[in-house]
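By this note's numbering, the letter at position 31 of the sequence shown is numbered 1028, and the numbering carries on one by one without gaps. Don't be surprised by glycine CBs; every beta carbon is placed ideally from N, CA and C.
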Amino acid sequence: MNLSKYTLATGKEKMFYKNTILSNLESRSMYLNDNELSKQQSLDKVNLDLFDVDFNTLMDNKQFGSALASVKDLNNTKFLSNDQRINYIEK
């Protein structure tokens, strides 16, 4: 539900939904007593989903330079594997 809202949001609303999604993930992780690896894998999956929404929005808006720059930003996209990064670049 929040991912759908995130998709349609802009600016501060987008940050609100992202924080809500991450907070829900943290709560779930604590409730299930997840180990650090499971928690990190879940976090990476959520970040990948959010990144995918943002990347596709940029592509739909023909902001190709910004989309490519977001893929090449290694510090903020540590959750992307090399294969995933290549797939985004090839789009």
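Take aspartate 1046, set aside five residues on each side of it, and the residues of its chain with a beta-carbon closer than 7 Å to its own are Leu1000, in chain order. Using a 10 angstroms sphere on the CB of alanine 1064, the tally of other CB atoms reaches 16 or more, which defines it as buried. Taking C-beta atoms as the reference points, lysine 1015 and tyrosine 1028 fail to come closer than 8 Å.
Taken through DSSP and simplified to helix, strand or coil, glutamine 1037 comes out as helix. In this structure, the alpha-carbon of glutamine 1038 lies about 30 Å from that of asparagine 1058.
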